[in-house]
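Residue numbers (this note's numbering): 1459 to 1687.
Working notes, structure below.
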């Protein structure tokens, strides 16, 4: 986020960057874990390389992913960032983290006392025009992507998890978009399991709850131990 790529955050470039990191680390093969849009990035990586031995996706279903709804969300975020920057006269202005990255945003100066869990409209956006535009670029590039046609390498260990309550309902400022994550994962559990996925639908957890390290670490430890055995 410190170095946004407003015009070049495409699936091909994301995969190339991740492989460059692996190259720099001297990792010929490696496991990948990502949550929310970084889970999406992992899926795009997995269909472009045979260097992965394990893929873990959290907070983003590998089948029936919310590509269209997230394009709407990111366009709204970009619009608000642009409007806020114009009003303030600043290039980089504190404005809402719509991409599920609220936890990464700088919370300075924000009054969270009146924000209810799951009330995404109440979170002030804190990303710049360039930061929000990069996600518009990403989701625009994915509008023709059909995740039902994905064929991953047979030997690739794969985990998908999300909270059963992971459904984000945005209000009028976000064009009343609904982002469904837990529901499609649960709906396609048997289908995904049949093609090699380890699917975990976590009871009662929403998007933020399922990304907590106390939830994620045991899942990853169990998954990777089984994958490496």
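C-beta atoms are modelled at their ideal positions from N, C-alpha and C, and glycine is treated no differently.
Integer Cβ distance of residue i from residue j, believed to fall under 8 Å
i: residue 1601; j: residue 1529; result: 7 Å
i: residue 1617; j: residue 1656; result: 5 Å
i: residue 1478; j: residue 1511; result: At roughly 19 Å, the Cβ-Cβ gap does not stay under 8 Å, so residue 1478 and residue 1511 are not in contact.
i: residue 1520; j: residue 1605; result: 6 Å
i: residue 1516; j: residue 1498; result: Not really, about 11 Å apart at Cβ, beyond 8 Å.
i: residue 1622; j: residue 1644; result: 7 Å
i: residue 1660; j: residue 1620; result: 7 Å
Selected residue, minimal CA-CA separation from residue i, among the options
i: residue 1465; options: 1588, 1514, 1523 and 1491; result: 1588
i: residue 1596; options: 1540, 1526 and 1625; result: 1526
i: residue 1611; options: 1507, 1480, 1463 and 1490; result: 1507
i: residue 1540; options: 1663, 1490 and 1592; result: 1592
i: residue 1685; options: 1484, 1473 and 1613; result: 1613
i: residue 1634; options: 1533, 1483 and 1459; result: 1533
i: residue 1480; options: 1654, 1509 and 1470; result: 1509
Local conformation of residue i per DSSP, three classes
i: residue 1656; result: strand
i: residue 1523; result: coil
i: residue 1680; result: helix
i: residue 1609; result: coil
i: residue 1593; result: helix
i: residue 1586; result: coil
i: residue 1601; result: coil
i: residue 1646; result: coil
i: residue 1687; result: coil
i: residue 1559; result: No answer about residue 1559 holds up, because its pLDDT of 45 lies below 50 and its placement is not dependable.
Bridge-paired residues (DSSP) for residue i
i: residue 1619; result: 1516 and 1658
i: residue 1533; result: Paired residue(s): none; residue 1533 is not in a bridge.
i: residue 1626; result: 1637
Which runs of the beta strand (DSSP E) fall wholly inside the stretch 1459-1510 and span at least 3 residues, in chain order? 1488-1493
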